[in-house]
Structure formats: structure tokens, C-alpha cells
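Offset between the sequence shown (1-based) and my numbering: plus 362.
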Amino acid sequence: NIPDDEYDEVVNWWNTIFMGRLMEFYEE
């Protein structure tokens, strides 16, 4: 079972990567 704080860290990391990709996509 993953601790909540560790889960939040992964979610925040994924959101950062995802939003970065999204911005790259829209800037094209």
C-alpha cells in the first residue's frame, strides 16, 4: 500500500510532465 504523501508526490510529478507535454503540443 502506498502512503498518501508518496502518492501525491507521484501525482504531482505526473501532472508536471503531462502539462509540459500539453504546452509543447499547443505551442506547435
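From the three backbone atoms N, C-alpha and C, an ideal C-beta is built for every residue, glycine too. All figures in this text were calculated on a predicted structure; none of them were measured in a lab.
In whole angstroms, what separates the C-alpha of residue i from that of residue j?
| i | j | result |
| --- | --- | --- |
| aspartate 370 | asparagine 377 | 10 Å |
| aspartate 367 | isoleucine 379 | 19 Å |
| glutamate 389 | asparagine 374 | 22 Å |
| glycine 382 | isoleucine 364 | 26 Å |
In terms of residues, what are the limits of the alpha helix (DSSP H) holding residue i?
| i | result |
| --- | --- |
| glutamate 368 | 366-389 |
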